[in-house]
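K.L.:
Sending over a structure as structure tokens; questions will come in a sec.
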Amino acid sequence: MKVSKWFFVIMIVSFLKPQISFGVSEISQEFLKFAKKSEVFDWMVGVRRKIHENPELGYQEFETSKVIREELDKLGISYKHPIAVTGVVGFLGSGEPPFVALRADMDALSIQEMVEWKHKSKVPGKMHACGHDGHVTMLLGAAKILKSHSHLLKGTVVLVFQPAEEGGGGAKQVVDSGSLENVKAIFGLHVFPQPPLGQVFSKSGAILAGSGVFEAVITGKGGHAAIPHHSIDPILAASNVVVSLQHLVSRETDPLDSQVVTVAKFHGGGAFNVIPDSVTIGGTFRAFSKQSFMQLKQRIEEVIVGQASVHRCNASVTFGSKDKPFFPATINHEGLHKFFQEIAGDVLGVDNVKEMLPLTGAEDFSFYQEIIPGYFYFIGMNDGKKGTPASLHSPFFELNEDVLPYGAALQATLAARYLGQTLDLERHQHVEL
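Per my numbering: the sequence shown = residues 284 to 716.
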């Protein structure tokens with residue numbers, strides 16, 4: 284009887300295996316089809332435009348957070364709030380392990396929108412010029428997809444609506460809150476203006492640079508511009524500092540180890556005939572490894588202090604702050620890269636999954652990757668209808684809303700398929716033990 288029973292079970296499993304496998308791959312297309320339904324797409328567009336009209340800066344996303352919580356309430360999804368001041372962390376699925384997270388950033392930029400359209404920013408000097416309104420909408424879209432297909436979830440999906448990505452390091456505060464304590468992997472995306480709609484771009488390993496900021500006050504002795512020998516000119520000293528800082532990359536860095544030093548702030552003096560007492564300069568520096576980053580930081584301080592001394596000035600240098608912490612490099616997990624390529628290929632087609640070179644931009648998504656395996660990717664949104672799209676952080680930036688279903692479906696599929704594969708692997712390992 285035992286032999287007959289096990290033979291019967293094996294025959295049933297063998298018979299069902301093609302359907303089970305087919306069903307898993309079908310999830311991808313089902314999710315995309317669901318996201319493209321007119322009622323779902325129109326809902327996402329409405330949410331995105333509501334957020335776009337009311338942009339809020341880092342740690343000030345109170346109304347954005349309210350919109351998110353209202354939509355989660357309508358979907359019947361539980362959440363915790365506030366996390367990291369304005370953040371929201373939602374939960375759907377079984378409530379049991381395994382746990383996987385999806386992340387969207389909420390904050391806007393201090394930019395005056397120059398695009399004239401019905402849903403233009405209503406807040407002077409603030410704009411969603413980096414697509415974070417779209418990121419939030421796509422995560423809500425993924426939540427709607429997953430809620431409607433909750434019977435497919437073999438674990439728990441954690442929805443991370445994060446504040447203050449634009450320099451404020453909101454991700455670090457989310458990490459410090461303990462909200463991701465049981466999460467085994469996290470996925471994040473970013474819209475990409477120039478590449479074609481529906482294509483995704485990423486790579487294994489370092490994809491974005493580590494980033495830091497510095498500020499220096501160079502102090503001399505003010506006086507009349509017509510009698511410079513009675514003064515100690517901090518403008519001359521600061522000018523030489525700026526030039527010397529450029530030599531750190533051109534003459535001290537391995538050409539194959541990409542680094543950036545940019546002085547983007549130079550303030551000194553207020554009259555054409557007065558040498559000021561001091562000049563303030565500031566900027567950013569980037570590198571793809573912690574070792575290169577710390578070496579660059581050390582040399583920036585040495586150059587500023589040394590050059591100021593050459594010109595008889597004093598200099599004080601500060602790096603980062605509580606409001607602007609250092610961002611580590613964004614490093615994609617190798618195993619998740621292979622997983623992402625498989626899933627993205629199922630959702631978008633293999634030909635639409637592209638490898639990319641690393642960028643010297645920075646992302647605080649890297650804080651998540653320091654504690655758990657994480658994967659970050661870009662999604663194109665150029666449909667060729669408006670010529671060359673404006674870049675991120677431009678006052679003319681426009682988000683192509685046709686990208687919303689693609690991002691929502693892809694995020695939802697990554698979460699659902701990750702849970703399924705993880706649970707199956709854990710069961711297999713348990714059986715082997």
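Virtual Cβ for every residue (Gly too), placed ideally from N, Cα, C.
Does the segment 313-331 come into contact with the segment 633-646, if we say contact requires no fewer than three beta-carbon pairs (one atom in each stretch) closer than 8 Å?
P.N.:
No: the two stretches stay apart, fewer than three of their Cβ pairs being nearer than 8 Å.
K.L.:
Taking the CB atoms as reference points, tell me whether V419 and V372 lie closer together than 8 Å.
P.N.:
Locating residue 419 in the sequence shown gives position 136, where the first residue counts as 1. Locating residue 372 in the sequence shown gives position 89, where the first residue counts as 1. Against a cut-off of 8 Å, the Cβ pair of V372 and V419 comes out as no contact.
K.L.:
Report the rounded CA-to-CA distance for Q312 versus V630, giving the unit in angstroms.
P.N.:
In the sequence shown, counting from the first residue as 1, residue 312 sits at position 29. In the sequence shown, counting from the first residue as 1, residue 630 sits at position 347. Spanning the two alpha carbons is a distance of roughly 6 Å.
K.L.:
If we ignore side chains and look at the alpha-carbon of each, how far apart do T502 and T671 end up?
P.N.:
Locating residue 502 in the sequence shown gives position 219, counting from the first residue. Locating residue 671 in the sequence shown gives position 388, counting from the first residue. The straight-line gap from Cα to Cα measures roughly 45 Å.
K.L.:
For K333, I'd like the list of residues in its chain whose CB is within less than 7 Å of its CB, leaving aside the five on either flank, ordered along the chain.
P.N.:
Counting from one through the sequence shown, the residue named residue 333 turns up at place 50. The residues are V350.
K.L.:
Between Q445 and V458, is the Cβ-Cβ spacing less than 8 Å?
P.N.:
Within the sequence shown, numbered from 1, the residue matching residue 445 stands at position 162. Within the sequence shown, numbered from 1, the residue matching residue 458 stands at position 175. No, they are not a contact pair.
K.L.:
So, using beta-carbon positions, are V553 and I518 closer together than 8 Å?
P.N.:
Taking the first residue of the sequence shown as 1, we reach residue 553 at position 270. Taking the first residue of the sequence shown as 1, we reach residue 518 at position 235. For clarity, residue 553 is Gly in the given sequence; the question names Val instead. For G553 and I518, no; Cβs fall outside 8 Å.
K.L.:
When the Cα atoms are used, what is the spatial distance from L358 to S433?
P.N.:
Taking the sequence shown and counting its residues from 1, one reaches residue 358 at position 75. Taking the sequence shown and counting its residues from 1, one reaches residue 433 at position 150. Their Cα atoms are separated by approximately 12 Å.
K.L.:
Since G667 and G481 are thought to touch, with beta carbons under 8 Å apart, how far apart are those beta carbons, to the nearest angstrom?
P.N.:
Looking up residue 667 in the sequence shown gives position 384. Looking up residue 481 in the sequence shown gives position 198. Rounded, the Cβ-Cβ distance is 12 Å, inconsistent with contact.
K.L.:
What's the call for L640, buried or exposed, on a 16-neighbour Cβ count within 10 Å?
P.N.:
As a working note, residue 640 is residue 357 in the sequence shown. Per the 10 Å Cβ criterion, exposed.
K.L.:
Put G329 into one of helix, strand or coil per three-state DSSP.
P.N.:
Numbered from its first residue, the sequence shown carries residue 329 at position 46. DSSP places G329 in helix when its eight states are reduced to three.
K.L.:
Could you tell me which residues DSSP pairs with Q542 in its beta bridges?
P.N.:
Against the sequence shown, residue 542 aligns to sequence position 259. In DSSP, Q542 forms a bridge with A570.
K.L.:
In or out: L355 buried (at least 16 other Cβ within 10 Å) or exposed?
P.N.:
Here residue 355 refers to the residue found at position 72 when the sequence shown is read from its first residue. Buried, because 16 or more other Cβ atoms sit within 10 Å of the Cβ of L355.
K.L.:
Are there 16 or more other CB atoms within 10 angstroms of the CB of H616, so buried, or fewer, so exposed?
P.N.:
By one-based count along the sequence shown, residue 616 stands at place 333. Label assigned to H616: buried.
K.L.:
So, at 8 Å on beta carbons, what are the nonlocal neighbours of I654 in its own chain, with the 5 sequence-adjacent residues on each side left out?
P.N.:
Position 371 of the sequence shown, counted from the start, is the residue given in the question as residue 654. Around I654: V458, L463.
K.L.:
Would you kindly report the start and end of the unbroken alpha helix (DSSP H) that includes F650?
P.N.:
The residue labelled residue 650 in the question sits at position 367 within the sequence shown. Per DSSP, F650 belongs to the alpha helix (DSSP H) from 649-652.
K.L.:
Note down, in chain order, each residue of its chain lying with its Cβ closer than 6 Å to the Cβ of I394, except the 5 sequence neighbours on either side.
P.N.:
Reading the sequence shown from its first residue, position 111 is the one you call residue 394. Within the same chain, I394 has close Cβ partners M410, A412, P678.
K.L.:
Counting only the same chain and skipping the five closest in sequence on each side, list residues whose C-beta sits under 7 Å from that of S575.
P.N.:
Residue numbering aside, residue 575 sits at position 292 when the sequence shown is read from its first letter. Closer than 7 Å at the Cβ level, and outside the excluded window around S575, lie D540, Q542.
K.L.:
The beta strand (DSSP E) spanning T369 covers which residue range?
P.N.:
Within the sequence shown, numbered from 1, the residue matching residue 369 stands at position 86. T369 -> no beta strand (DSSP E), and no H or E assigned at all.
K.L.:
Would you kindly work out how many angstroms separate the C-alpha atoms of P595 and G453, rounded to a whole number?
P.N.:
Residue mapping note: residue 595 aligns to position 312 of the sequence shown, counting from 1. Residue mapping note: residue 453 aligns to position 170 of the sequence shown, counting from 1. Inspection of the sequence shows that residue 595 is occupied by Arg rather than by Pro. Each residue's alpha carbon lies about 41 Å from the other.
K.L.:
From D516, L392, M577, E353, pick the residue whose C-alpha is nearest to that of K504; which is it?
P.N.:
In the sequence shown, the residue the question calls residue 504 occupies position 221. It is D516 whose Cα lies nearest to the Cα of K504.
K.L.:
Do you know how far the Cα of F470 is from the Cα of F623?
P.N.:
Here residue 623 refers to the residue found at position 340 when the sequence shown is read from its first residue. Here residue 470 refers to the residue found at position 187 when the sequence shown is read from its first residue. Each residue's alpha carbon lies about 9 Å from the other.
K.L.:
Is it buried or exposed, E322, if we count other Cβ atoms within 10 angstroms and call 16 or more buried?
P.N.:
Residue numbering aside, residue 322 sits at position 39 when the sequence shown is read from its first letter. E322 is exposed by the Cβ-count criterion.
K.L.:
With DSSP run on the structure shown, which of helix, strand or coil describes S604?
P.N.:
On the sequence shown, residue 604 is found 321 positions in, with the first residue counted as 1. DSSP places S604 in coil when its eight states are reduced to three.
K.L.:
For V524 versus I428, is the C-beta distance shorter than 8 Å?
P.N.:
Locating residue 524 in the sequence shown gives position 241, where the first residue counts as 1. Locating residue 428 in the sequence shown gives position 145, where the first residue counts as 1. No; because the gap between Cβ atoms is not below 8 Å, this pair is not in contact.
K.L.:
For I366, does the count of other Cβ atoms within 10 angstroms reach 16, so buried, or fall short, so exposed?
P.N.:
As a working note, residue 366 is residue 83 in the sequence shown. I366 should be labelled buried.
K.L.:
Give every residue of the same chain whose Cβ lies closer than 6 Å to the Cβ of L693, excluding the five residues on either side of it in the sequence, and list them in chain order.
P.N.:
On the sequence shown, position 410 is the one that residue 693 refers to. Excluding residues within five positions, the ones whose Cβ falls inside 6 Å are V630.
K.L.:
What beta strand (DSSP E) runs, 3 residues minimum, are completely inside the segment 655-689?
P.N.:
List check, beta strand (DSSP E) in window: 657-665.
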